[in-house]
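Residue numbers (this note's numbering), protein chains in the order written: chain E, 1 to 814; chain F, 1 to 182; chain A, 1 to 499; chain L, 1 to 139.
Glycine included, every Cβ here is placed at the ideal spot set by N, Cα and C.
Everything numeric in this text was worked out from a predicted model, so none of it was measured.
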């Protein structure tokens, strides 16, 4: 069934994509089937997974649903799915919000453009992949789904592909998350190899302690940070806001960006005490939470405000889950639920405003008419939950977070982290208020047109999903007992040793409540003094503007890679044959020479046949001549002379067949050479020598020396091999078995006939090829068809004549 | 082309004697120096005589079969000698041998290596013929060059005759793209 | 079963001979080519199954026992490569027939293509170093003709580079062969495997390096690859596809074969291979980033990915070699499909330059899908076959603690992803109207002629099948790797009872 | 093998390399020819001993020169011959097109090398866009 759910997403997604644009916005109705099915299924599984126990009594006795399928088990690649308590939380987020977003999208895309249905299909595929991430019990299976979410996110961000900014944002997103993914893959391999298993559930029971695991931890965390837009990898998330709002609401606030948090949550109980885990997660989370909050406070675009708010909240979640303390993690579970609900609702409200008013800039909003009241109320409630005001779910979560941190944060630096959380929460309060004030029109600038007052109010269906989520926020905030069993089961799933406590709205007067009051108080102050605060912030950001930002860093990195590539390619890929040959010959000459020198042995006799001496003199003289002469024909004749001298060598050596062949071939080659050379200019001049003469000379000498040494080393090594040459047996078998007296011929046609077969094939090929080339200029003659047009397959050179055609081959007639 | 009777006749005589020599090389190759390669190449040398005497037309007259066919046929014979033994359950290229005592000639040995060598011979012969077709067909070459001067058959290719001037090519491409935009 | 071994060489060759003779009838050539390659594919599959079930298959040509005659050997590695190459050759032939173009216009296309097929099969099955040279020459000679087919100026220019460099490499191969025979007195692989270990160690390493360099030129290793991206893109579309898919990988095969079989552990070039691999990966991918033409981008990626294979080989472990084998055949499939798609893009958009096409995904979504699947796989994104391959390489690298190279590989993998998104954003996204276009052919609703689309789709589907059947395929690669690390199996299979 | 033979092969390789490293195809062909001779020279002596022609019936088989390298050299010679012919055809075609047989540099590579490409890279476009977006964002 687990697999079936995933496959259903795949099937529905592919079906929608396959139908093209025919479905229009109804595609989202089809797409809604998948999350609806998942939610329904999750509800049926809930009682079993959560188990009977309630929060207060400690361990949950829920039984996870699991499924396993081998993919490439030798590599440890297998699909292990497992639905446990925490999985259930994530599934309800992914599919619950997914369902809401699908319904919402039907309203959002009331005037569908081409490509709308594609969004629905890709979103379904994404939902499937995201479910895979949260259901995988196997680290590599998790990675597979993880990357699938990156790909679908890339396609979704860039869906409006004519918009260069969409393409740019998509590229940035996939490069950053892709880079993180790769690093993470290496980390996962390290962890898996040193632990001997990739199963999270097994890792939980036997945490690895190997030395290299510290490196693996860092790698995995880099992946998690990029995915969850943590500093300094967060730059892609604001850019991703070019995607349509339903997509942003779903992927870039509620689900995909939580994948990193999810992974940290899963691994923290296993690895929190390993290597630099806590230092890394907590410092990165802290920086992210504060910077995200600060930036959110400065945005005028509501959507960007929410995006930075999301980054900040993700940092918060990192701080909670990353500790590896189940008490704190329990609070984080509440928080992740709360965040999913209110952030999706807020995005939906922004989408409604954008859709109906045509802007998201708070300077262009001047307050709404009375028909908008439900929308505004929804927005305010959701923002209040984000700000952590009672009695909403956001408050419950934050309160519990502060409380658990105060009580159980007994590791080094927990006090600092607590401080960061308090400061971050103040900022959260401030930007939540900014959102509300913006929605109410407080930032409206007089010289901008007032379009918001008379804008159409959204239809009930359009607002409905946001309203439902907000009602849930209120309801669960008032009665947190409703989620208590789920939270308890999730906590137990994260850490089997956990004994979760109860989630309460009112936990009595304690330090956490005091901090909450402080947060709200300072938050109110920030809001009241927002103008001076903004000035202060601007001055501060000007002061630190010399510090390169993450976006800047990304662009510089990318540009330096592309520029560097061009520069490097310009150098190594010169396009010039002589230079290529120079490099190749140098390598060929020098590489084997180095080991050969170590095997250098005694010299063989200087001369073994006196007759070799005059022949050698002839060869050397002719080959030097061929390299020096300036006339083509002379050079060809010199080459012929070398060939004839070679034939002499063959005769001396006792190889008449070879000599005969050499003689005939040399003659023919010379004739044919001359046949071609008669067309070419008689003398050659090096118009632009590609390789300077000294270098040419050096490489030539090096090649010669190398061959000399190699030949002598090879000859000197012969004695160390005991067996005789294989030709001895050929000589013995030639006459009696192959019925031939000329052993060379017997070898050619019988012993090694396959060589000869290949050889005549080469002759056929080169003959055919030579004729084809030589006659390419007059294809008509050869083919009997008017072939000239299409042979060249769309290459530019064969278009019609261009006016200033360069001189044609006329001079040759002179 | 003006042709001298003496040259013509002597070339034909020489031509045929060299051809016979090449056949000797072919058939004797299994036991003495020679073989398909040397035979074929020698025949090629004979062709070059004909070419000197009368150009490519003379070569065509000497071998009315198309070089394509000769080469393809040679390769076909070669491959068949390689494959046929497989069909009869032997190894690739496994040769059979026969010996017979004939009164006058003494013991005559024939092996199936001979057809293989014939294939080699034909391929080499065909190759040489093709080379003369390719490089020796002066009339056709003149025609092609003429065409390129007139600017029809080769016009596109001759445009890039000055490949060395990159800027020119760049300009060409730009002009072409502009033309396409119009 | 052993009777089948020579057929992947012989059948295409026979077909090539007939194809030369019937040159005037394109229809007959097509039938001959298709029948030959289809039967070759079937036989290759049978051989792979046989080699996997019964162990290494050996046929001695001419019936002469090794090392007198030439041994033809099909072990698991050869079998895998044979099947992959046969499938690709068949698919690309169908594509070429669908395209018309050079296939229709040129008498010599079919014979040359079949010789290429035969040469590839010969290179993969031969058990003889000199015969490997001949097989390479068959393959290369055919590739020379195919790459210049059409005789355009840019083809002649790049053809010269390609032919001269290949010819120089072949000449060095001859020199090395001569020296190998000088030192050992044999050219048979199995025989060499017994004799080379007797040589002084310096000589062994000398031969190992020399063979690596010779095959490295064909495989496109740094710094020997520069000819490759200059020449492949100028060939006619289907030819580029098959070259990109097959030729360099045959070089890689030769490197794997010789380095594992001929040289004992103390002469193996582990570190050198790892260094070369890193440089090849990096320089290749940097080159790809600098390009604008799809064909050239993909050509540089060929180089880059050769680096991965050599990296995995350089580990000399079962995991490494299994990864190398898996990566290699998967890469053949991916590269072929990507270049076939490029051919379709070129047809559809009128150019393969990213600056001249755009927005194809709207008019031809199927084309987009057929690009996206192999491209994602090539970039190593899960769950595609390329991911399994990349994962296997990483896994093996981590096992051997080669951190630096794993790091380079990961970085290169990211740049590959960037490069693929660049093609995607350039050719498939964006507004086609603001780009200079040439002769766009948007007549087909599918995205191209049915036959071209079908054959491309078939290759893409094979690529997807690698993902689905990754488990049996990886097991097979692993068994092939075990064979490679136990050269004695190969030697005893070839030499029989002989020492 | 004697030092002399190795030296001759070395000279052939040196001269061949010298000829290869320039732009004329006809010189390159000659260079390749010299390299090929070097290979054949080494193959010829690779059997390790000189002897009489390996023809059965002409003498003692123990005194034969090694026939296998001869066969290999023959194959190599013929193959090199075939490929050289093809290379000649390339030169011929080059003459048809450009009236010369110079091996030119790759145009595309030169464009990249000179940073002259007028078409802006897609990446450049996207990057510029992203930079602008980032700038606006900064306000």
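Minimum Cβ-Cβ distance from residue i to chain F less than 8 Å
i, result
"residue 38 of chain L", "no"
"residue 672 of chain E", "yes"
"residue 3 of chain A", "yes"
"residue 59 of chain A", "yes"
"residue 430 of chain A", "no"
"residue 68 of chain L", "no"
Residue i at chain E interface by Cβ criterion, 8 Å
i, result
"residue 21 of chain F", "no"
"residue 478 of chain A", "yes"
"residue 198 of chain A", "yes"
"residue 59 of chain L", "no"
"residue 106 of chain A", "yes"
Residue i and residue j closer than 8 Å at C-beta
i, j, result
"residue 185 of chain F", "residue 124 of chain F", "A question about residue 185 of chain F goes unanswered here, because the residues of chain F that appear run from 1 up to 182."
"residue 65 of chain L", "residue 52 of chain L", "yes"
"residue 46 of chain F", "residue 15 of chain F", "yes"
"residue 161 of chain E", "residue 430 of chain A", "yes"
"residue 137 of chain A", "residue 77 of chain L", "no"
"residue 93 of chain F", "residue 754 of chain E", "yes"
Closer than 7 Å at the beta carbon, the chain C residues around residue i
i, result
"residue 31 of chain F", "Note that chain C does not occur in the displayed structure, where the protein chains are E, F, A and L."
Interface residues of chain F facing residue i [CB-CB closer than 7 Å]
i, result
"residue 656 of chain E", "33"
Pairwise C-alpha distance: residue j and residue i
i, j, result
"residue 672 of chain E", "residue 69 of chain L", "27 Å"
"residue 12 of chain F", "residue 209 of chain A", "55 Å"
"residue 112 of chain L", "residue 412 of chain A", "21 Å"
"residue 8 of chain F", "residue 105 of chain A", "39 Å"
"residue 31 of chain L", "residue 729 of chain E", "37 Å"
The ligand ZN heavy atom lying under 7 Å from the CB of residue i
i, result
"residue 343 of chain E", "Absence of the ligand ZN from the depicted structure is noted, as is the absence of any ligand whatsoever, leaving it without description."
Listed by chain order, chain E residues near residue i by CB distance under 8 Å
i, result
"residue 37 of chain F", "661 and 748"
Test: residue i CB closer than 8 Å to a CB of chain L
i, result
"residue 137 of chain A", "yes"
"residue 91 of chain F", "no"
"residue 135 of chain F", "yes"
Where residue i meets chain L, residues with beta-carbon distance less than 9 Å
i, result
"residue 816 of chain E", "In the structure as shown, chain E begins at 1 and stops at 814. Residue 816 of chain E is therefore absent and cannot be evaluated."
Within-8 Å CB hit, residue i to chain A
i, result
"residue 28 of chain L", "yes"
8 Å Cβ cut-off: residues of chain F touching residue i
i, result
"residue 665 of chain E", "41"
Chain-ordered chain A contacts of residue i [CB-CB under 7 Å]
i, result
"residue 79 of chain F", "10, 13, 14 and 17"
"residue 69 of chain F", "21"
"residue 52 of chain L", "Per Cβ cutoff of 7 Å: no residues; residue 52 of chain L is ~19 Å from chain A at best."
Cross-chain neighbours of residue i in chain E, by beta carbon under 7 Å
i, result
"residue 520 of chain A", "Examination of residue 520 of chain A is not possible in this model, given that chain A is present from 1 through 499 alone."
Chain A contact residues for residue i, given Cβ-Cβ distances below 8 Å
i, result
"residue 75 of chain F", "13, 16, 17 and 20"
**Report entry** Segments of 4+ residues assigned as alpha helix (DSSP H) that fall wholly inside the stretch 707–780 of chain E
**Finding:** 727–738, 743–746 and 753–774
Report task. Write down every uninterrupted run of the beta strand (DSSP E) in the stretch 382–408 of chain E whose length is 3 residues or greater and which is fully enclosed by it, in chain order. Result -> none
Requested in this report: Please specify which runs of the beta strand (DSSP E), each continuous and at least 3 residues long, are wholly inside the stretch 23–88 of chain L, giving them in chain order.
Outcome: none
Requested in this report: Could you pull out every unbroken alpha helix (DSSP H) segment of at least 4 residues lying fully inside the stretch 237–325 of chain A, listed in chain order?
Outcome: 237–242, 248–261, 270–290 and 294–314
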